[in-house]
Ligand code: NOJ
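Residue numbers (the working numbering): 146 to 901.
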């Protein structure tokens with residue numbers, strides 16, 4: 146056994162560096178020839194030794210023995226070049242064929258240098274910046290032995306009750322697609338085998354963000370028209386960008402769980418979209434098809450394999466049942482070989498056959514992880530993710546020598562800065578807001594009080610504190626905390642209250658039916674406002690919140706999401722005006738949960754409501770207007786931008802032609818700032834009911850005070866295509882309106898028509 150092993154390794158290590166891509170695939174074929182059925186099935190097994198954060202009820206057992214037996218294709222939840230070297234040693238030196246492992250991880254918003262949560266990052270609308278964060282994440286993760294990333298998560302979400310809205314890019318297919326592409330490019334760059342790049346995984350295929358009632362893992366049932374036009378584009382964009390792998394979702398998609406859904410994983414993904422990488426399940430999602438009602442473990446494993454799933458995460462249904470399914474004729478060996486081939490090809494793309502220890506360079510962590518440069522990028526990204534939701538009396542920015550009362554349970558806190566799903570980050574490395582404000586404004590007089598607990602509810606806190614203490618309920622009573630805050634505020638010129646959600650109040654299995662700020666903090670905010678002093682709310686959350694009450698108070702509101710490792714410095718940069726906030730919302734904020742699902746791209750009903758006033762027999766509510774509290778694309782600046790001269794160069798667009806829509810934007814305020822200029826269109830007559838607005842372009846521009854710039858958007862008939870009732874991707878001649886402005890809630894700017 147050992148002799149075969151050594152010769153295989155020598156073969157692998159010697160000749161391969163000179164091989165071309167074509168030959169490498171031949172080499173996979175040669176390897177497949179040598180493999181037993183068991184060894185092929187072994188490559189489809191993805192397990193976790195349990196060092197990381199488990200997101201299901203089980204972790205894998207006997208990992209070492211399984212690797213040696215050739216029963217493991219990949220590992221996740223392990224890191225460090227030395228540990229990965231040991232794991233590769235087991236696979237390469239001690240298994241019969243010496244096939245290296247693929248090493249996965251959830252590097253969702255940075256590795257050790259944690260960037261803002263993805264929903265926050267998306268609010269920057271800055272594709273270069275997003276790509277750079279992915280590059281840095283890849284550099285750090287690969288330095289620590291990881292070569293395969295479970296990101297980007299591109300699930301469109303229009304339901305802020307769903308906790309995982311935090312992990313994606315919001316509600317819009319156009320913006321979501323651009324961000325998906327930028328992230329794949331950032332992680333993989335042009336060469337997955339390069340030392341600083343890793344393979345990306347687009348997830349969760351598909352429609353996970355549309356789970357009913359915002360309850361995690363819940364059913365999804367959706368028309369194909371909606372799917373193709375509004376939910377699938379970001380997954381497709383990732384595939385078009387060359388993503389190496391795809392992860393299935395937990396939900397069912399019209400009656401069949403995604404993990405066993407042949408239409409999704411084969412007909413659509415491979416045949417229609419031409420995906421040639423491999424597909425992994427989510428954590429035990431093969432086994433979970435038993436609970437979905439699809440049969441026993443053997444049946445669901447065969448179902449998944451036949452549907453087009455290649456790798457089984459943690460559940461080991463493949464490992465324990467596929468052989469029997471081949472033996473009794475449920476599956477053919479050829480079907481197994483196809484899946485194995487895809488996994489081996491991925492290892493080739495990563496250069497693992499060339500050098501299994503490519504990502505085990507002990508000298509790298511020190512220089513590549515958490516460098517000054519990386520932290521600088523985290524600070525920059527965080528500041529650009531913030532969204533100024535509301536301005537009140539020009540309270541912001543604050544003077545650097547102001548007397549400030551910094552209040553709130555999230556103001557001097559490390560545990561909640563990173564945000565959900567930052568398992569590779571370390572909360573203790575993060576800069577609290579208090580520290581950041583002192584760093585940036587050493588001459589300010591800052592006094593601090595906690596003011597309230599994040600929540601006073603012990604049972605709630607216990608559910609949130611699963612991965613460590615996030616909600617700490619003070620020994621002091623809520624009344625004492627409040628009193629202390631009011632005393633602290635007495636001498637201050639201005640109050641900054643850092644309030645909102647704890648990290649694990651959003652994320653996986655963290656759905657909420659009440660998305661307001663917890664009562665303890667609401668009370669604090671009311672009392673602080675009642676002092677009559679200027680109040681700034683720095684609002685932290687992993688989702689759009691219902692802040693109807695706070696919007697009515699005389700306060701300024703800066704949405705800071707969960708800002709990442711440089712939280713405090715970035716917040717201070719913006720609060721003191723070193724950076725003028727420029728983020729815009731990528732998911733609509735509702736007036737209350739009753740409006741959910743809520744998104745800007747709605748369609749007209751046959752009885753549209755003409756105004757915000759209630760009208761009988763129109764499509765509206767008795768108790769609240771249809772418009773959201775804060776629309777998609779909304780975000781203010783310390784300066785004011787004026788839009789003028791919005792025009793189109795021709796009112797007719799012909800096939801293969803183009804029209805140019807332009808607008809002049811002027812910075813009418815006293816300080817420099819950035820604006821995200823947005824273009825929407827509306828197809829007035831369509832063979833299927835059209836959305837009232839569809840985002841078609843955006844550009845982020847920087848303008849000095851008093852400066853103007855003309856932004857141009859080129860529109861072709863390709864940009865106006867949609868999937869019709871037969872799922873053909875077409876444009877239809879006719880009239881279109883266009884809208885250029887600062888958010889999705891803008892008036893029509895003009896029209897044009899497509900003529901054939
Ligand atoms: C479950 C999550 O749904 C998925 O996003 C993640 O990649 C896996 N767990 C692995 O941690």
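Positions of the beta carbon are idealized from the N, C-alpha and C atoms, including for glycine.
Source: prediction; values computed, not measured.
Residue nearest to residue i in terms of C-alpha spacing, selected from the options
i           : options               : result
residue 284 : 232, 251, 230 and 342 : 342
residue 237 : 224, 218 and 223      : 218
residue 499 : 378, 337 and 205      : 337
residue 751 : 835, 700 and 697      : 835
residue 732 : 840, 585, 863 and 487 : 840
residue 424 : 597, 347 and 880      : 347
residue 256 : 672, 553 and 709      : 709
residue 240 : 676, 860, 183 and 692 : 183
residue 838 : 591, 872 and 828      : 828
residue 833 : 738, 373 and 889      : 373
residue 370 : 623, 873 and 880      : 873
residue 485 : 884, 181, 818 and 831 : 181
residue 576 : 247, 557 and 737      : 557
residue 301 : 291, 325, 172 and 793 : 325
residue 476 : 208, 453 and 460      : 453
residue 599 : 588, 590 and 626      : 626
residue 615 : 603, 675 and 621      : 603
residue 770 : 759, 525, 780 and 327 : 759
residue 541 : 788, 288, 784 and 668 : 784
residue 892 : 858, 640 and 788      : 788
residue 195 : 428, 418 and 350      : 428
residue 376 : 411, 385, 360 and 316 : 316
residue 858 : 875, 418 and 804      : 804
residue 679 : 543, 667 and 518      : 543
Proximity below 8 Å, CB of residue i to CB of residue j
i           : j           : result
residue 308 : residue 688 : yes
residue 564 : residue 706 : yes
residue 463 : residue 186 : yes
residue 741 : residue 304 : yes
residue 823 : residue 895 : no
residue 482 : residue 189 : no
residue 782 : residue 533 : yes
residue 695 : residue 670 : yes
residue 434 : residue 191 : no
residue 647 : residue 561 : yes
residue 322 : residue 263 : no
residue 630 : residue 594 : yes
residue 743 : residue 773 : yes
residue 649 : residue 611 : yes
residue 883 : residue 806 : yes
residue 233 : residue 510 : no
residue 405 : residue 367 : no
residue 246 : residue 215 : no
residue 294 : residue 345 : yes
residue 306 : residue 524 : no
residue 456 : residue 426 : yes
residue 289 : residue 224 : yes
residue 722 : residue 578 : no
residue 703 : residue 734 : no
residue 409 : residue 398 : yes
residue 552 : residue 596 : yes
residue 568 : residue 251 : yes
Tell me whether the region 682-702 and the region 388-396 touch, counting them as touching only if at least three CB pairs, one residue from each stretch, are closer than 8 Å. Touching, no.
Assess contact between the region 322-341 and the region 845-855, defined as three or more Cβ pairs (one per stretch) separated by less than 8 Å. Is contact present? no
Kindly provide the ranges of any beta strand (DSSP E) runs that are 3 or more residues long and lie completely inside the region 677-728, ordered along the chain. 680-685 and 700-704
Given 8 Å, three or more beta-carbon pairs between the region 263-278 and the region 721-739: yes
Which ranges would you report for the beta strand (DSSP E) in the region 512-583 if only whole runs of at least 3 residues count? 532-535 and 548-552
Entirely within the region 450-494 and at least 3 residues each: give me those beta strand (DSSP E) ranges in chain order. Counting only runs of 3+ residues, no beta strand (DSSP E) is found wholly inside the region 450-494.
Counting only runs of 4+ residues fully inside the region 164-194, write out the alpha helix (DSSP H) ranges in chain order. 166-179 and 182-188
Mind the definition here: the region 790-801 touches the region 859-868 only if three or more C-beta pairs lie below 8 Å; say whether that holds. yes
Which runs of the alpha helix (DSSP H) at least 4 residues long sit entirely within the region 572-659? Give them in chain order. 578-585, 603-609 and 623-635
Contained alpha helix (DSSP H) runs [length at least 4] in the region 724-797, N- to C-terminal order: none
Complete runs of the beta strand (DSSP E) confined to the region 322-390 [at least 3 residues]: 346-350
Could I get the ranges of all uninterrupted beta strand (DSSP E) runs contained in the region 844-888, with 3 residues as the minimum, in chain order? 853-861 and 879-886
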